[in-house]
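If you're matching them up, the sequences are chains A and B in order. Mapping of the first sequence onto our numbering: residues 33 to 328, in sequence order. Mapping of the second sequence onto our numbering: residues 4 to 265, in sequence order.
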Amino acid sequence: MPSLIELRDVWYQYNPNSPLSYWALKGINLKIERGEFISIIGPTGSGKSTLIQHFNGLLKPTKGEVIVDGIEISKTKDLKSIRKKVGMVFQYPETQIFSETIYDELAFGLRNYGYSEDEIREKVEEVTKKLGIDYIPLDKSPFLLSGGEMRRIAIASILAMEPEVFVLDEPLANLDPKGRKELLKEIDYLNRKESLTVIIVSHDLSEVSRYADRIIVLFDGTIIMDGSPREIFKNVEKLLEISLGVPQIVELLYTLHKKGADIPYNILNIDEAVKTIVKWRKSLGNRDKLRTISTS
Amino acid sequence: MAIEISFGQYLPLNSSIHRLDPRIKLIATFISIIFIFIIKDFLGYALLACFLLGLIILSKVPPLYIFRGLRPLLFFILLTFFLHLFTTQGTVIFQWWFLKGTMEGLRNGLLMVSRFMLLISFSTLLTLTCSPLELTDALESLLSPLKRIGFPSHEIAMMMSIALRFIPVLVEETNRIIKAQVARGADIESGGILNRAKNLIPILVPLFINTFKRADDLALAMEVRCYRGGEGRTKMKEYTLSHRDYLFLFISIIVGILSVLI
C-alpha cells in the first residue's frame, strides 16, 4: 500500500518571473502514513501553510511531485475527489461561514459531493455529536454563535465530509485555554478511535506535543527535523534558536541540564518531569552539590 | 483560480525615478497626458515614447510590468483601432465584405492606438514607482489650496489611501475564502451563468461580512487614536523639492512642447 501522502523533492515559488519572486518550499521530501498524528511546526514564514496546500492540490509544486493515495496531483484532472480525501481547515475557519443556518453550513461540503439529503442529515447529526456541539440547535444562524462555537461549526463542516486526512492550519489560534484543550482532545479521540490521519500546523510546540506522535519542523522552506516529540526535544537549543516555543517544562529541565544537572530534558509531560527531578534530587544526596548548581 | 492584479501595483525598487518627489511625478504625468492629447503627429508620439523608454530604464522597472498594465485593455485598444479604420471617410485601400478600410482611417486608428498605449504606460509607470501612500499624500498636498473653498482634500485623500491600502488585503482575503470553499468541494469554475452566480454566494457572503468587520475595527482604531479629520494635522514625512525634482519637471515640459512642435 502506498503512503497516504508523499512529497518528492517539492519546490514552490511565489510570484514567478517577477522581482518579488521567492521560493517558499525548497526541496521537501515527506511521507505521511495512515493513522499518524503529525504536527508541522515552524516560525512565521517558514512555508507551513504553503506546504499543506500541496496536500489537496490547492497549490501545485513548481518542481517535484505530490502523490496523494497513489495519484499525482499535477497530472490528475479529478482534484475534487482528492479534496474529499484530504479535508483542510484553514486559519480562522469561522471567517468562511456563509449559510443562513448551521445545518446548511455543515451540509455545504456534502451537497457539493452529491450526497442525498437523508445521508446528509445523518452525517451532519453524527459530526455534531463527535465534536460535542449537538447542544446547538441546527436551525440557528451560525452568526449568532460565540467565536469558539463558530470555529467548531467550521471545523465540523470539513469533518462531515469524512476525510481520510484531516489537515488543520493553526486551529487553536484565538481560542481560550478551555476551548483549546477540548478541541485537541476531540481531534485526538478521532485519531485514536477512528484512525483518522491528523496533521496540525502550529508555531508552538507546547500545544500539540502531548498528542502528536510525529513532529515535523519546518524552517526557511526546508524540513530541518522530523521525528517523535522525544527526539525533537533533544534539540531544544536549535528550536529556541529559530524562535520556536518549546513546552515550559522542557525549557526548565534544559536550563537545569545546562547548569550541570545530569538529567534528560526531552520529556513530554509534567508527571514525567516531576519523576525526573525527584530522581535526580535523590541521586544528589549531599547539599553542597545542589548549591553549586542553584548558584551558578 | 487566484485573482491577480497588476494595475495600480507598486514595485518598491530604489531608483532615481522612485526617489523623485511624488507631487512632481504626479504633475509630470498629468502634463504628459495633456500633451498626449494635443499631439497630432506620429513624430511627436515617437519622441514621447523615447522619453517614456528612458524613464522606464531609469526606474529599473522590468518592461514586462508596463506590458502587463496594457494587457487588460488590449481588446479595447484593438476595437478603437478597427472602428477608426473602417468608419473614417477617405481613400479606400482595401475592402472586405461591406467594410472599407481607408488610408485616413488607418492613420487615425494608429494615432489612437499610440495615444492609448502611451496614456496607460505613463500612468502605469507612475503607480509602479509611487507607493499608494505617496500618491495620496501628493494628491492631498496638491489639492490643499482648494481647502479654502471648503473642499475636503484631506478626507478625500484619506478615503483614497484607505481604499488603496485595502485592495491587496481584500484580494488576499478573497483568495483565502475561495481556497477554503474549494477545499469543501465548491466548484467555482464550471457550470452555466446562473450556476456560477450561485456558486459565488459562499465567497461573497463571507467577504462582505469580513469587510464590514474590518471597516468597523478600523473606524474604532482611528477613533481610539483621536482621529478627527484633517484639522491641524501634521505629516510625519514632509516632502521638499530638490533641484532634481525641478530638473525633471523642466525636462518633462520641454519634451512635451518639443513633441507638439515637431
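Using N, Cα and C, we set each Cβ at its ideal position, and we do this for glycine too.
Where the stretch 186–209 of chain A meets chain B: residues whose CB sits under 8 Å from a CB there: Ser189, Ile190 and Met193
Val208/B: contacting residues in chain A (beta-carbon distance under 7 Å): Within the second sequence, numbered from 1, the residue matching residue 208/B stands at position 205. Result: Phe130.
Beta-carbon proximity of Ser12/A to Leu237/A, cut-off 9 Å: In the structure as shown, chain A starts at 33 and stops at 328, and residue 12/A therefore has no counterpart that could be examined.
Element boundaries [alpha helix (DSSP H), containing Trp55/A]: Within the first sequence, residue 55/A is the residue found at index 23, counting from 1. Trp55/A: not part of any alpha helix (DSSP H); member of the beta strand (DSSP E) spanning Tyr54 to Ile64, first to last residue.
Chain-ordered chain D contacts of Thr127/A [CB-CB under 7 Å]: No chain D is present in this structure, whose protein chains are A and B.
Distance between Ala141/B and Pro148/B (C-alpha atoms, nearest Å): Taking the second sequence and counting its residues from 1, the one referred to as residue 148/B is at position 145. Taking the second sequence and counting its residues from 1, the one referred to as residue 141/B is at position 138. For Pro148/B and Ala141/B, the distance between alpha carbons rounds to 13 Å.
Straight-line gap, Trp267/B to Ile204/B (C-alpha atoms, nearest Å): Nothing about residue 267/B can be read from this structure; chain B reaches only from 4 to 265.
Short CB-CB distance (under 9 Å) between Asp190/B and chain A: Sequence index remark: in the second sequence, residue 190/B carries index 187 (1-based). Answer yes: the Cβ-Cβ gap between Asp190/B and chain A drops below 9 Å somewhere.
Separation of Met120/B from Thr130/B, as counted between CA atoms: Start at 1 with the first residue of the second sequence, and residue 130/B comes out as number 127. Start at 1 with the first residue of the second sequence, and residue 120/B comes out as number 117. Near 15 Å, if we compare the C-alpha coordinates of Met120/B and Thr130/B.
Straight-line gap, Ile20/B to Thr90/B (C-alpha atoms, nearest Å): As a first step, residue 20/B is located in the second sequence; it is residue number 17 there, counting from the start. As a first step, residue 90/B is located in the second sequence; it is residue number 87 there, counting from the start. The alpha-carbon atoms of Ile20/B and Thr90/B are separated by roughly 41 Å.
Pairwise C-alpha distance: Arg262/A and Arg168/B: Working through the second sequence from its first residue, we reach residue 168/B at position 165. Working through the first sequence from its first residue, we reach residue 262/A at position 230. Their Cα atoms are separated by approximately 45 Å.
Residue range of the unbroken alpha helix (DSSP H) whose run includes Thr243/B: Stepping through the second sequence from its first residue, residue 243/B is reached at position 240. Looking at the DSSP string, Thr243/B is not in any alpha helix (DSSP H), and its letter there is neither H nor E.
Element boundaries [beta strand (DSSP E), containing Val199/A]: Residue 199/A sits at position 167 when you count from the first residue of the first sequence. Val197 to Asp201 is the span of the beta strand (DSSP E), which, as asked, contains Val199/A.
Pairwise C-alpha distance: Thr237/B and Ala222/B: Your numbering for residue 222/B matches position 219 in the second sequence. Your numbering for residue 237/B matches position 234 in the second sequence. Their backbone Cα atoms lie some 20 Å apart in a straight line.
Residue-chain proximity (Val185/B, chain A), Cβ-Cβ < 9 Å: Taking the second sequence and counting its residues from 1, the one referred to as residue 185/B is at position 182. Any Cβ of chain A closer than 9 Å to the Cβ of Val185/B would place that residue at the interface, and such an atom is present.
Arg40/A (DSSP reduced to helix, strand or coil): One-based indexing of the first sequence puts residue 40/A at position 8. The answer is strand: DSSP assigns Arg40/A an E or B state.
Beta bridge counterpart(s) of Val208/B as assigned by DSSP: Numbered from 1 along the second sequence, position 205 holds the residue referred to as residue 208/B. In the DSSP output, where bridge partners are listed per residue, Val208/B has none listed.
Rounded Cβ spacing between Ile187/A and Leu177/A (contact assumed at less than 8 Å): The count along the first sequence starts at 1 and reaches residue 187/A at position 155. The count along the first sequence starts at 1 and reaches residue 177/A at position 145. With a Cβ gap of about 13 Å, Ile187/A and Leu177/A do not count as contacting.
Check whether Leu228/A and Glu181/A have beta carbons under 9 Å apart: The count along the first sequence starts at 1 and reaches residue 228/A at position 196. The count along the first sequence starts at 1 and reaches residue 181/A at position 149. Judged by their CB atoms, Leu228/A and Glu181/A are not nearer to each other than the 9 Å cut-off.
Buried or exposed (CB count within 10 angstroms, at least 16 for buried), Cys229/B: Mapped onto the second sequence, residue 229/B falls at position 226. By the Cβ-count criterion, Cys229/B is exposed, with fewer than 16 other Cβ atoms from all chains shown falling within 10 Å of its own Cβ.
Same chain only: Cβ atoms within 8 Å of Pro51/A, ignoring 5 sequence neighbours per side: Within the first sequence, the letter at position 19 stands for residue 51/A. Taking C-beta separations shorter than 8 Å and ignoring five residues to either side along the sequence, Pro51/A has no partners in its chain.
Short-range partners of chain B found in the stretch 137–163 of chain A, where Cβ spacing is below 8 Å: Phe140, Gly141, Asn144 and Tyr145
Inter-residue Cα distance where the pair is Arg224/A and Val240/A: Indexing the first sequence from 1 puts residue 224/A at position 192. Indexing the first sequence from 1 puts residue 240/A at position 208. For Arg224/A and Val240/A, the distance between alpha carbons rounds to 15 Å.
Chain-ordered chain A contacts of Leu14/B [CB-CB under 9 Å]: Counting from one through the second sequence, the residue named residue 14/B turns up at place 11. Result: Ser50, Pro51 and Leu52.
Any C-beta of chain A under 9 Å from that of Lys182/B: Here residue 182/B corresponds to residue number 179 of the second sequence, with the count starting at 1. Output row for Lys182/B: interface = yes.
Cutoff 9 Å: Pro205/B Cβ touching any chain A Cβ: For the purposes of this step, residue 205/B is taken as the residue at position 202 of the second sequence. By this cut-off, Pro205/B is an interface position.
Counted within 10 angstroms of its Cβ, other Cβ atoms place Gln280/A as buried (16 or more) or exposed: Position 248 of the first sequence holds residue 280/A. Exposed.
Cβ separation of Phe69/A and Asp245/A, assumed to be a contact under 8 Å, to the nearest whole Å: Looking up residue 69/A in the first sequence gives position 37. Looking up residue 245/A in the first sequence gives position 213. That belief holds up - the Cβ atoms of Phe69/A and Asp245/A are roughly 5 Å apart, short of 8 Å.
Where the beta strand (DSSP E) containing Ile256/A begins and where it ends: One-based indexing of the first sequence puts residue 256/A at position 224. Start and end: Thr254 to Gly259.
Three-state class that DSSP yields for Ile260/B in the structure shown: By one-based count along the second sequence, residue 260/B stands at place 257. Correct three-state label for Ile260/B: helix.
Selected residue, minimal CA-CA separation from Asp110/A, among Thr82/A, Gly89/A and Tyr44/A: To locate residue 110/A, count along the first sequence from 1; it is residue 78. Checked all of Thr82/A, Gly89/A and Tyr44/A; the closest Cα to Asp110/A is Gly89/A.
Cα-Cα separation, Asn47/A to Ser53/A: Here residue 47/A corresponds to residue number 15 of the first sequence, with the count starting at 1. Here residue 53/A corresponds to residue number 21 of the first sequence, with the count starting at 1. Going by the C-alpha atoms only, they are around 5 Å apart.
Test item: CB-CB of Leu222/A and Arg242/A under 9 Å: Stepping through the first sequence from its first residue, residue 222/A is reached at position 190. Stepping through the first sequence from its first residue, residue 242/A is reached at position 210. No, the pair does not count as a contact, with Cβ atoms beyond the cut-off.
Residue-chain proximity (Leu272/A, chain B), Cβ-Cβ < 9 Å: Mapped onto the first sequence, residue 272/A falls at position 240. No, no contact with chain B.
Beta-carbon proximity check, Ile165/A vs Ile185/A, cutoff 9 Å: To locate residue 165/A, count along the first sequence from 1; it is residue 133. To locate residue 185/A, count along the first sequence from 1; it is residue 153. For Ile165/A and Ile185/A, yes; Cβs fall inside 9 Å.
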